[in-house]
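Student: Converting from the sequence shown to the numbering used here requires adding 18 to each position, the first position being numbered 1.
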Amino acid sequence: MVEEDKEVAEHDKYGVVIDAGSSGSRVYVYKWIDPTFLSKETSDESVLHSVPEIRTQKDWTKRIEPGLSSFSKKPERAYKKHIKILLEHAEHIIPEHKHRETPVFIQSTAGMRLLSDRDQKRITDELCRKIRDETHFLLENCAAQIETIDGETEGIYGWLSLNYLKKYFDRYDGKLADHSSHGFLDMGGGSLQIAFKPSDPEEIKKHKEDISTITLKSVNGDAQRWDVFTSTWLRFGTREVRKRYLNQLVNTALAGTGEKNPKSLKERTVYDPCLPKGSEHSFTYSGADLRIRGMGNYEQCSKTIYPLLLKNSPCPEQPCSFSGIHMPKIDFTRDSFLGVSEYTYTINDVFHMDTEYNFSGFSEKVQQFCELDWQNILHEREDGKYGDISKSSLREVCFKANWVINVLHEGFGIPRKGIDPPSTGPGDVGNHITFSSADNVNGYELTWTLGKILLYACSMVQLGENARVGLQPSELSVKNDGKKFIPGEIPHELGYGSTTLNFFHSLVQIVIIFAVGLLLYWLYVKLHIKQHLNINSIKSTINCVKGKLNKIRYSKVITSDQLEQLEAGVLPMSRFGGDRDGFKFRSRTMLNLSSQGFEDYPVPGGRASGAASPALSDNAMGTIFSMADFSDFNRPKP
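1. Can you tell me the Cβ-Cβ gap for E36 and I101, rounded? I've got them flagged as a contact below 8 Å.
2. So, K215 versus G192, is the Cβ gap smaller than 9 Å?
3. Would you grab the beta carbon distance between I395 and L412 for me? Rounded to a whole angstrom, and I think it's under 8 Å.
4. Assuming Y316 and Q385 are in contact, meaning their beta carbons sit under 8 Å apart, how far apart are those beta carbons, in whole angstroms?
5. Note down the Cα distance separating K435 from Y190, rounded to an integer number of angstroms.
6. Taking the C-alpha atoms as reference points, what is the distance between Q125 and S495?
7. Identify which residue in I141, E398, T171 and L203 has its Cα closest to the Cα of V368.
8. Where does I229 sit, in a helix, a strand or coil, going by DSSP?
9. Leaving out the 5 sequence neighbours to the left and right, which residues in its chain are closer than 6 Å to H299 when beta-carbon positions are compared?
10. Could you name the residues of the same chain whose beta carbon sits closer than 6 Å to that of G173, not counting the 5 residues immediately before and after it, in chain order?
11. Go to T452, then tell me how far its beta strand (DSSP E) extends in each direction, as first and last residue.
12. Using 10 angstroms around the beta-carbon of A629, count the other beta-carbons present and answer buried if the total reaches 16, otherwise exposed.
13. Taking its Cβ as the centre, do 16 or more other Cβ atoms sit within 10 Å of Q336, making it buried, or is it exposed?
14. Take every Cβ of the segment 71-85, pair it with every Cβ of the segment 500-507, and state whether three or more of those distances are shorter than 8 Å.
15. How long is the line joining the alpha carbons of Y32 and D62, rounded to whole angstroms?
16. Does DSSP put W251 in a helix, in a strand, or in coil?
17. Would you report the Cα separation of L390 and L293, rounded to the nearest angstrom?
18. Are the CB atoms of A485 and R243 within a distance shorter than 9 Å?
19. Could you round the C-beta distance between D143 and S90 to whole angstroms and report it? I think they count as a contact, below 8 Å.
20. Can you give me the C-alpha to C-alpha distance between A84 and G42, rounded to a whole angstrom?
21. Taking 9 Å as the CB-CB cut-off, is R136 touching chain E?
22. Mapping the DSSP letters down to three states, classify E71 as helix, strand or coil.
23. Kindly indicate which residue of W421, R286, M371 and Y97 has the alpha-carbon position closest to the one of R140.
24. What first and last residue would you give for the beta strand (DSSP E) that runs through Y18?
25. May I ask which residues mark the beginning and end of the beta strand (DSSP E) holding A128?
26. Which one of A419, L66, K497 and S341 has the shortest CA to CA distance from N238?
27. Can you check which of these residues, F350, D349, P334 and S40, is closest to I343 by C-alpha distance?
28. Roughly how many whole angstroms lie between the Cα atoms of M659 and E25?
29. With respect to the alpha helix (DSSP H) encompassing F377, which residues constitute its N-terminal and C-terminal limits?
30. Bridge partners of R81, per DSSP?
31. Could you pull the DSSP bridge partners for V534 from this structure?
32. Alpha carbon to alpha carbon, how far is Y375 from D240?
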């Protein structure tokens, strides 16, 4: 039995993914059995008709701060002071003889997106050089393996992780016309995202240009194709929308005084219905430091937040969600969604709703909290009711909870059980769970990095039809944003070295042309000076020219592969053999580090696309409210 285990272990494959977020970076190490070996060694149909099983351990992750983007001014430190620490952790986990065939993926999200292209490139160039020089990990294509991904790609990876953990990619039957899945919602500080497969095939056909296609492969080679809609709302995350909210409060206060200069409010108090009674804080608006005082009014808070959804924005195509973004209809009698990040933090961690989400129960708890005096909230915090949540975070809980409620029910239209009929679908929601929030599935952490490595593992399946594993962006994303296919495998095209090689080849061509020109000029001059050249002299000259041309033509020129080896400092090796080698999830929900035990466990499993919401200005605020803003707001007081 031990020998069999050792034999199987020789066919283990590893992958390293680093989530480089805005506040910190976290490394994840994953392992799976080589699908080619597995397909020959097992006859278990449940394994053969499923995607490769990804495994990990609780201590196979490590997080460090600050974020990678903090090295924008000193990119030369990005590897030594940051990424090196994470890769050393991975080196201790992965067997040394497996390092050369283990790929590293550094996927940057929110923080790096804010940097200029120049600053991003300086950091990624540094990481590329140092990883190749100082580690033995597989880095075939820097441009593909060290990159900044957009919010929609992050959302797709999150959708993949969720549905892998829900086992929707197991026992896949390609003969079936439809396959079940779970929708994914993410709310961070800067943006919010949705990714889901419409349950109605007609909706997929109707909105085909908005749909991305994900291709996976089962171990037996069967292709799994999933049509997924994804969209991102920029500046609709809790941090950014609160800035817009405070701007509106100031504009309202200015409108009441008839003044235009916000400095006229310096001696006044701006009241905030979403702030607990007795709580105060300052807010800088157009250079003026203003004092904000809490009112603690749940109903007014909810109504004041509602216009921030921009429900009345022009929408080019129906149906619309909010902020002018159209999306396929959701059948809430069949579709289910799971929310992460801010959804989990607010619903589960603050209000301790660990069971199924219920609007009535949640809104009642939120109202009770919002209308508490600030001092009472602080006393409850001292008693441990809110765990390690800071005072500043507690001050914003009422606002965040109301924003979550507005986004779920007014934005996405999730029915309030017992109050609203389903917005789409033939039947009643009944006992169907339309929404829940969690940071794990069946005890396993939900992180988008799992989705990234799943694509890579599936790309190693060599059997079956010639289907390329990866993510094909929607037609609109390709047309409007220039997005390209994201392969599961590492592209073999030259990445960072291509510019150097192109320059080198161009230089060789220029030298050859220049040399030929000189020879022709020399021949021309010689013929004119020696007017009485005999035939033998001419033949001799021609032979001389031929000899020089042949010498240039057949001179050995360094090849692309050789140059790449020189830059990398290693000899070439085959890809997987011994001869060669925001949406960001909240950091507090990542895997707990453990120093006890090393037994591994399996991760169970065997805009509109291209139309994100436009960026919103903090200060350029128009009319505060109108009656039209409340035309759809009919929430009864719970």
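We put the beta carbon where it would ideally sit given N, CA and C, even for glycine.
Tutor: The structure says:
1. Before going on, a small fix: residue 36 reads as Ile here, not Glu. The beta carbons of I36 and I101 sit about 7 Å from each other, so the pair counts as a contact at 8 Å.
2. no
3. 6 Å
4. 4 Å
5. Going from the Cα of K435 to the Cα of Y190 covers about 33 Å.
6. Rounded to the nearest angstrom, the gap between the Cα atoms of Q125 and S495 is 20 Å.
7. E398
8. strand
9. Cβ contact annotation for H299 (same chain, cutoff 6 Å, sequence separation greater than five): I310, in chain order.
10. Q211, A213, T248 and F601
11. Premise fails: T452 is in no beta strand (DSSP E) and is neither H nor E.
12. At A629 the pLDDT is 46, less than 50, meaning the model places this residue with poor confidence and gives no usable figure here.
13. Exposed is the call here.
14. Segments in contact, no.
15. 23 Å
16. Note: W251 maps to strand in three-state DSSP.
17. 10 Å
18. Yes, the Cβ-Cβ distance between R243 and A485 is below 9 Å.
19. The Cβ separation is near 13 Å, so there is no contact.
20. Rather than Ala, the amino acid found at residue 84 in this sequence is Pro. Between the alpha carbons of P84 and G42 lies a gap of roughly 5 Å.
21. Reference to chain E is not applicable here, since this structure consists of a single protein chain.
22. DSSP, read as helix, strand or coil, puts E71 in coil.
23. Y97
24. One cannot answer for residue 18 here, as it falls past the ends of the chain, which runs 19 to 656.
25. Per DSSP, A128 belongs to no beta strand (DSSP E); it is in the alpha helix (DSSP H), A128 to R131.
26. Residue nearest to N238 within the set A419, L66, K497 and S341 is L66 (criterion: CA-CA distance).
27. Minimum Cα-Cα distance from I343 among the listed residues F350, D349, P334 and S40 corresponds to P334.
28. As displayed, the chain neither begins before 19 nor continues past 656, which places residue 659 out of reach and without an answer.
29. F377 to C388
30. R44
31. BP columns for V534 are empty, so no partner.
32. 37 Å
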